[in-house]
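Protein chains in written order, with numbering that gives the first Met the number 0: chain A, 0 to 355; chain B, 0 to 355.
2 protein chains.
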Amino acid sequence: MNRVTAGEIAELAGVSQSTVSRALRGSPLVNSKTRERVLRIANEKNYKVNTSASRLRSRKSRTLALLVHDDSAMGSDINPFFLSMIAAITKAAAEKGYDILLSFQQFSDNWIADYESSNKAEGVIMLGYGGYTDYIRKIGMLDNAHCVTWGPVIDGQPGHFVGCDNIHGGYIATKHLLDSGHRRIAFIGDISDDCPEFQARYAGYRRAHEEFGADLSPLLQARANPSERGGYEAAERLIDQGAGLTAAFCATDLNAIGAIRAFRSRNILVPADVSVVGFDDLPSIAYTTPALTTVRQDTATAGHVLVETLLDLVRGTDVISRLLPPELIVRQSSRQLRREAAAESSGPRLSDARTA
Amino acid sequence: MNRVTAGEIAELAGVSQSTVSRALRGSPLVNSKTRERVLRIANEKNYKVNTSASRLRSRKSRTLALLVHDDSAMGSDINPFFLSMIAAITKAAAEKGYDILLSFQQFSDNWIADYESSNKAEGVIMLGYGGYTDYIRKIGMLDNAHCVTWGPVIDGQPGHFVGCDNIHGGYIATKHLLDSGHRRIAFIGDISDDCPEFQARYAGYRRAHEEFGADLSPLLQARANPSERGGYEAAERLIDQGAGLTAAFCATDLNAIGAIRAFRSRNILVPADVSVVGFDDLPSIAYTTPALTTVRQDTATAGHVLVETLLDLVRGTDVISRLLPPELIVRQSSRQLRREAAAESSGPRLSDARTA
DNA sequence: GTCGGCGATGCATACGTATGCAGTCGTTTT
DNA sequence: AAAACGACTGCATACGTATGCATCGCCGAC
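Structure, rendered in structure tokens:
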């Protein structure tokens, strides 16, 4: 389309192509007077540096690849939380002058190396819930690969990770419920080995119980894949098994929404009968009925940290896996348990609602 | 990382770099025996074509830019529907051998030209609900820009569009309700000039009424920005104004979810008292309670058509704006109105539920 | 036996930029 | 006055590939 080259700009400005290149890149070598003239002309002619040539010469692509794990094969939807992450990462990269190359795939081949050896991207950010633990472990081995994964930070695991402090998130969510007088708190979520982040949230849940000296009942654990449906079905099972819960901590907002629907379909009211806490803080979640108490993962920060970590890695700087602190957002889906009820510490049905 | 070049492969294979290049690109000029040898060696050495060099020489980037309109400034969330679209577009592009460059921005500058003149992308796909109509009009003027927009197809509008046949979608949704005996059907959605797609859905709603000879009451129109909250608030207004509806057609699934919540909070049951139909068919929507009757936009097809249209445009082929047919998905949130009720044609509260 | 033709390959070059090095010119140092 | 220096600028080249053109060997045709 625009076939203006640096050479033509040079001619118009009465300088050499080298000077044009230097002026545009802000080299201190070029006189400010000259630079201004060059920039003005380049602007007038609507000149844009040819990225291909620039990349070829500089051997840098100024591009990061974003791989989103597509588990549509697994039947579960892509969590809307990821849209938020994708947007945050893309914006953070843009701030650093980097483009984002997007790809939805099953993590299976060695794209990471491919992206770099083909000079398409300088590094890769991987996004997705579990199901790829083995693959990540393999990636970790490639210590020359520039790859940062959003996910669980596990000691001793090879590779570089940025993730939410899921243990702490699970802890504060559960502590909030314990502090509110609840003693029979269910955990709904996928705690298979495939999803270390959910295992971590579960670990936080257990830790809070231990600190509180509260009992943990296996009856209160319900597996659920990370979708709305998963939450719905898990909650149904809990009810059917007579778990006698007064609260539920869900590994995912979607799980929480599903659980709330299940409760409602059985005429169990949230938060009057059962308090529910989610995880993620999806944008729309604040407007549900009742508005969901949840653990917020700050996607904007996460995007920045992911990009910065990856760029450090590319630069060769030493990099450490980082945990981001989650934040408890208390809304209407959780409430203080009545004293008496807390004392007798049981019963799924509490009709008297003092707190709205 | 991988510093293997075509020249080195050539040496190993005992041929020239030209032959390596041709072999890799599948040129018919090269002997099949030679090709095999070259491919085998290239594979062994894990050779990858340097994209920058290839792009520079061929003057093609094999990349499409995907611009997602970020109206986070407007306060409304990015609809999860777009995540589905983004994934579909990315996969469709991948099938054609194209990469996707992602960007979240306010549509304001002339990126389209920039992407092309910098050789970053061969074309641009724009994604987003309203708020950018003026901008699109401006883009349409740049007839040399390779740009396809997902959105309303309006006669006489400059530019190239691919969109859902929103009028027909609105029509079949409304007809479904009319056929089911409903006569007081609310429309919930943003029908401002900014969002032609919603105006089109509204137009379909009106057309169905006209064909049916059914009356349209202004009391039944409720504006709502395209979020869950918007739907909630609009439904609240309808109830408060005593619109006397027995059904609601919502411009968006999110609107529908919000509306259902609002109804429920007023003890109006869906579908027993009010039938609700949405639009989009969000992946998670099938598992809500009640499962939402909605108008499906097939994102996979949309992705393919968008990419193919854009590539045609790049090739210089004549291109026409295309409308994709939506499909009515009947689930549990809509039901047949009882005969008598239909006869008296009114009343927001119908307690007797014959159909589950 | 010469020539045209065809299949296959190599040669040479251009794509547009970034950058090491050398050059220029004016100013300062000795 | 000569030398050294500093601030700019231009020259030349390389990045790795794709491709037009020339070349080469071989076979069939006349």
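C-beta atoms are modelled at their ideal positions from N, C-alpha and C, and glycine is treated no differently.
In this text, all values refer to a predicted model and were calculated from it rather than measured experimentally.
message: Does the structure place the stretch 84 to 92 of chain B close enough to the stretch 86 to 93 of chain A that three or more beta carbon pairs sit under 8 Å?
response: These segments do not touch.
- request: Could you tell me which chain A residues have their CB closer than 7 Å to the CB of B:P79, listed as they occur along the chain?
  value: Result: P79 and L82.
- prompt: Under a Cβ-count criterion, where at least 16 other Cβ atoms within 10 Å of its own Cβ denotes burial, should A:P79 be classed as buried or exposed?
  reply: The residue is buried, with at least 16 neighbouring Cβ atoms inside 10 Å.
message: As a quick exercise: from B:Q331, B:T148, B:G302 and B:R205, pick the residue whose alpha carbon is nearest that of B:G168.
response: The residue with the shortest Cα to Cα distance from B:G168 is B:R205.
- prompt: For A:G74, which three-state DSSP category applies?
  reply: Low local confidence applies: a pLDDT of 41 at A:G74 is under 50, so the model's placement there is unreliable, and no value is given.
- prompt: Who are the Cβ neighbours of A:R54 in its own chain at under 6 Å, not counting the five residues just before and after it?
  reply: Exclusion of the five residues before and after A:R54 leaves S60 as the residues of its chain whose Cβ lies within less than 6 Å of its Cβ.
field: Close beta carbons around B:R200, own chain, < 7 Å, minus the five adjacent residues each side
entry: Same-chain partners within the cutoff: N165, G168, G169, G188, A250 and F278.
Exposure of A:N42, with buried meaning 16 or more beta-carbon neighbours within 10 Å: Exposed is the label assigned to A:N42, since fewer than 16 other Cβ atoms lie within 10 Å of its Cβ.
message: Quick check: what's the CA-CA separation for A:Q240 versus B:C163?
response: Cα to Cα, A:Q240 sits roughly 46 Å from B:C163.
message: One question on the structure: do B:V313 and B:E94 come within less than 8 Å of each other, judged by their Cβ atoms?
response: Note that the C-beta distance between B:V313 and B:E94 is not below 8 Å.
message: Can you look up A:A5 in the DSSP assignment and give me helix, strand or coil?
response: A:A5: helix per DSSP, three-state reduction.
message: Tell me the DSSP secondary structure of A:E121 in three-state form.
response: Per DSSP, reduced to three states, the secondary structure at A:E121 is coil, with no helix or strand assignment.
query: Since B:V304 is in the alpha helix (DSSP H), which residue starts that stretch and which ends it?
result: Taken as a continuous stretch (DSSP letters only), the alpha helix (DSSP H) holding B:V304 covers T298 to R314.
- request: Let me know if B:L31 comes out buried or exposed under the rule of 16 or more other beta-carbons within 10 Å of its beta-carbon.
  value: In the sequence under discussion, the amino acid at residue 31 of chain B is Ser, which differs from the Leu named in the question. Burial call: exposed.
field: Contacts that A:K44 makes with chain B (C-beta to C-beta distance below 9 Å)
entry: The contacting residues do not exist; A:K44 stays about 10 Å from chain B at best.
query: How about B:P270 and B:V294: are their beta carbons less than 8 Å apart?
result: No, Cβ-Cβ distance for B:P270 and B:V294 is not below 8 Å.
field: DSSP three-state assignment for B:A258, whether helix, strand or coil
entry: Secondary structure at B:A258: helix, using DSSP grouped into helix, strand and coil.
message: According to DSSP, simplified to helix, strand and coil, what is A:I153?
response: Coil, per DSSP.
task: Compare the C-beta of B:N118 against all C-beta atoms of chain A and say whether one is closer than 8 Å.
output: At least one chain A Cβ lies under 8 Å of B:N118.
query: Within the chosen definition, does the stretch 223 to 230 of chain B reach the stretch 254 to 262 of chain B through at least 3 CB pairs nearer than 8 Å?
result: A contact exists between the stretch 223 to 230 of chain B and the stretch 254 to 262 of chain B.
- request: Grab the span of the beta strand (DSSP E) containing A:Q104 for me, first residue to last.
  value: From DSSP, the beta strand (DSSP E) with A:Q104 extends over D98 to Q104.
message: With a threshold of 8 Å between beta carbons, is A:I99 in contact with chain B?
response: Closer than 8 Å to some Cβ of chain B, the Cβ of A:I99 qualifies, so yes.
message: For a quick check, are the C-beta atoms of B:L237 and B:A213 less than 8 Å apart?
response: Their beta carbons are not under 8 Å apart, which means B:L237 does not touch B:A213 by this criterion.
message: Applying the 10 Å Cβ sphere with the 16-neighbour rule, what's the burial state of A:T18?
response: Label assigned to A:T18: buried.
query: According to DSSP, what are the bridge partners of A:R321?
result: A:V161, per the DSSP bridge assignment.
- prompt: Cα separation between B:V276 and B:L219?
  reply: In a straight line, the C-alpha of B:V276 is about 15 Å away from that of B:L219.
task: Using DSSP bridges, identify the partner residues of B:L327.
output: DSSP lists B:V294 as the bridge partner or partners of B:L327.
message: Please tell me whether B:V269 has its Cβ less than 8 Å away from any Cβ of chain A.
response: The beta carbon of B:V269 does not come within 8 Å of any beta carbon belonging to chain A, so the residue lies off that interface.
message: Along the chain, where does the beta strand (DSSP E) containing A:T251 start, and where does it finish?
response: From DSSP, A:T251 is part of no beta strand (DSSP E); its letter is neither H nor E.
Chain B residues whose Cβ lies nearer than 8 Å to that of A:V48: Ordered by position in chain B, the residues that pass the 8 Å Cβ test against A:V48 are S117.
field: chain A contacts made by the stretch 245 to 262 of chain B, where a contact means CB separation under 9 Å
entry: Within the stretch 245 to 262 of chain B, the qualifying residues are L253, I256, G257, R260 and A261.
field: Cross-strand partners of B:C146 (DSSP beta bridge)
entry: B:C146 is bridged to B:V123.
- request: Under 8 Å by Cβ, that's how I've got A:A172 and A:L28 pegged, so tell me the actual separation to the nearest angstrom.
  value: Contact between A:A172 and A:L28 does not hold, since their C-beta atoms are separated by about 57 Å, which reaches or exceeds 8 Å.
- request: Would you please verify whether the beta carbon of B:F103 is less than 8 Å from any beta carbon of chain A?
  value: Output row for B:F103: interface = yes.
query: Taking 8 Å as the CB-CB cut-off, is B:K90 touching chain A?
result: A Cβ of chain A is located within less than 8 Å of the beta carbon of B:K90.
message: Just to confirm my understanding: we take A:Y231, look at its own chain, exclude 5 residues before and 5 after, and list those with CB closer than 8 Å. What are they?
response: These residues qualify, in order along the chain: G257, A258, R260 and A261.
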